[in-house]
């Protein structure tokens with residue numbers, strides 16, 4: 140046995156967006172790694188950190204680093220499954236440079252443990268809360284070195300690994316530990332350590348308040364003497380909900396202590412010139428009394444702040460009024476859909492009336508907000524999209540802002556470990572073999588959540604599904620302007636219509652390209668530009684055109700344009716050089732996943748989790764230990 144101080148351990152992130160521009164981009168600290176390092180340190184282990192998500196070092200630099208710094212155990216933290224390819228590349232580099240190191244992967248990506256352990260150099264996956272399993276692995280290395288003894292791994296809860304018989308072993312999810320023991324706010328000294336020879340990149344965790352409209356548009360932000368930078372904190376970890384599309388790697392929710400939050404606020408203010416706070420919780424505000432204390436704490440330290448998300452059933456109007464008076468400038472509301480059928484399938488556990496009530500309270504309080512919707516869950520149809528659009532128009536009229544301006548639209552993506560992904564496999568749309576699952580994960584490397592990489596698990600045609608985001612905007616805009624006179628809303632002046640068209644066109648053609656390139660891009664994207672403009676225009680000739688004529692024509696035109704562009708991209712790929720530097724910059728050439736079959740209609744409107752349980756009643760018993768554990772992991776927590 141060696142001393143704890145002699146165990147060489149490191150935790151790493153991977154580059155999730157290697158082509159991002161540093162200008163105007165604020166990154167958020169990896170809370171899981173911060174918790175693991177602090178938890179380990181309090182138990183005598185000194186764990187290093189290598190933040191590749193900020194550094195985006197080229198592969199040769201990473202290889203040199205791990206060749207020069209031999210570690211006994213290397214942990215890789217990846218929040219979502221879009222990071223599969225960078226994990227595979229990083230694990231291969233580590234194995235080449237440090238052949239004896241134990242390579243561990245944690246967070247939500249481990250829902251694909253069977254693929255990670257068979258198709259990459261990863262030795263162990265940690266599932267669920269990671270503090271205790273990670274500490275147990277450090278103890279294992281201290282007592283046994285880096286040789287893997289499967290019998291000793293069997294006793295560590297929270298691990299998945301391949302045993303000597305090549306079977307997938309899973310010991311159950313990592314145990315939750317008390318918040319006051321295992322939760323830690325961002326530690327910027329640890330974050331600097333992860334930047335190695337480039338500590339100046341700590342600035343990537345902050346941005347100027349003027350880059351965030353919700354801050355820049357509030358008069359309190361411009362008060363004399365206010366610090367200019369924006370910092371991020373968490374007040375909770377996890378979520379009370381279990382939405383069937385959400386890839387949560389831990390179960391339930393825990394609250395950070397007020398003492399820990401206050402220490403972080405003081406540190407941000409005094410060391411990093413922070414005067415603005417983004418609360419980056421998935422589910423802010425429970426219990427309500429704790430949220431009110433946090434609001435008072437932020438105000439006492441002179442911060443202007445905003446909330447990224449909360450459940451629409453959490454607060455009442457008096458709470459929003461108090462938040463605004465204490466410095467809140469914006470609050471996000473978890474919406475996803477305004478069709479009760481889709482809310483039930485998502486297992487949101489609230490009613491559409493709750494959404495309307497929450498938006499009404501927030502808007503009448505004077506707090507800015509927006510509506511974020513997620514399209515494409517099983518059970519989605521033209522009817523459910525139109526129901527959501529009707530509420531979008533109603534909320535927009537309350538705010539007197541056009542729907543397209545305040546609505547974010549994404550398409551649902553089946554992430555491993557969610558009921559949505561499990562449903563895709565149970566109905567035969569997503570393959571179940573290791574090779575098929577890896578191809579699916581490589582397709583997820585394209586993290587965009589639009590129709591271009593949508594997996595259609597609805598029973599609707601591709602022609603309809605492709606148009607849903609536009610259908611929402613057409614219908615919401617139609618209802619907003621056609622009934623706008625009742626709310627004092629006027630149609631957009633013609634000069635502003637022209638400006639809107641130019642703004643949309645510039646997003647497709649670019650602003651710094653040559654004239655001939657702009658012309659070619661405009662011609663190539665002409666239908667997309669016209670479709671987007673028409674879906675946002677207030678012109679009566681568009682908003683009063685009969686729905687079957689307008690929607691039918693634009694749906695067919697858009698789908699033809701989609702097929703044409705898809706064919707052009709496929710043809711262009713034939714001539715693409717295989718010597719392209721994708722491996723060097725951590726980007727994998729996008730693999731477009733092809734469904735095995737068309738999804739059937741949902742048997743009923745119900746939680747997708749319960750529908751899956753019924754589908755699994757028809758499955759034959761697992762034929763092996765691997766299949767048993769693979770099914771268990773696939774279900775998620």
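Numbering (the working numbering), first residue to last: 140 to 776. All C-beta atoms in this analysis are idealised placements derived from N, C-alpha and C, irrespective of residue type, glycine included. Only a predicted model underlies this, so the values are computations on that prediction, with no experimental measurement involved.
- Residue 256 is not bridged by DSSP to any residue.
- Residue 474: member of the beta strand (DSSP E) spanning 467-475, first to last residue.
- When beta bridges are read from the DSSP output, residue 513 appears opposite 549.
- For the set 606, 483, 489, 533, the Cα lying nearest the Cα of residue 521 is the one of 606.
- In this structure, the straight-line span from the alpha carbon of residue 307 to that of residue 184 is close to 29 Å.
- For residue 529, the closest alpha carbon among the candidates 503, 570, 581, 476 is that of 476.
- The region 454-466 makes contact with the region 495-503: 3 or more CB pairs, one atom from each, lie closer than 8 Å.
- The region 309-390 contains, as complete alpha helix (DSSP H) runs of 4+ residues, the segments 318-321, 327-332, 352-355 (chain order).
- Ranking 233, 544, 372 by CA distance to the CA of residue 445 puts 372 first.
- The three-state reading of DSSP puts residue 395 in coil, since its state is none of H, G, I, E or B.
- In this model, residue 260 and residue 208 are separated by some 18 Å (Cα to Cα).
- In the three-state DSSP reduction, residue 684 falls in the coil class, being neither helix nor strand.
- Around residue 627, the same chain offers 539 as residues with beta carbons nearer than 8 Å, after the five sequence neighbours per side are excluded.
- Going by DSSP, residue 498 is part of the alpha helix (DSSP H) stretching over 491-504.
- Proximity of the region 562-573 to the region 220-240 falls short of the contact definition, fewer than three beta-carbon pairs being nearer than 8 Å.
- The straight-line gap separating the alpha-carbon atoms of residue 622 and residue 535 is approximately 11 Å.
- Beta-bridge partners of residue 299 (DSSP): 264, 309.
- When secondary structure is reduced to three states using DSSP, residue 449 falls in the strand class.
- Pairing residue 305 with residue 299, the inter-Cα distance amounts to about 12 Å.
- By the neighbour-count criterion, in which a residue is buried when 16 or more other Cβ atoms sit within 10 angstroms of its Cβ, residue 741 is buried.
- Between residue 443 and residue 424, the C-beta gap is not smaller than 9 Å, which leaves the two residues out of contact.
- Burial check for residue 384: the Cβ neighbour count within 10 Å reaches 16 or more, so the residue is buried.
- Excluding sequence positions up to five before and after residue 262, its CB lies within less than 6 Å of the CB of 241, 242, all in the same chain and listed in chain order.
- Beta-bridge annotation (DSSP): residue 148 is paired with 186, 212.
- With respect to the 9 Å criterion, residue 710 and residue 630 are not classified as neighbours on the basis of their beta carbons.
- Three or more beta-carbon pairs drawn from the region 145-152 and the region 187-197 are found closer than 8 Å, and the two stretches are therefore classed as touching.
- Beta-bridge pairing by DSSP links residue 444 to 416, 467.
- Runs of the alpha helix (DSSP H) lying entirely within the region 559-611 and spanning at least 4 residues, in chain order: 573-582.
- Secondary-structure assignment with DSSP links residue 242 through a beta bridge to 213.
- Using a Cβ-Cβ distance cut-off of 8 Å, the region 649-661 and the region 690-700 are not in contact, since fewer than three pairs of beta carbons, one from each stretch, lie closer than that value.
- With a 10 Å radius around the Cβ and a threshold of 16 neighbouring Cβ atoms, residue 703 comes out exposed.
- The Cβ atoms of residue 468 and residue 478 lie no closer than 9 Å to each other.
- In the same chain as residue 257, and ignoring 5 residues on each side of it, the C-beta atoms closer than 6 Å to its own belong to 573, in chain order.
- When DSSP states are grouped into helix, strand and coil, residue 167 belongs to the coil group.
- Excluding the 5 residues flanking it on each side, residue 177 has same chain C-beta neighbours closer than 7 Å at 323, 326, in chain order.
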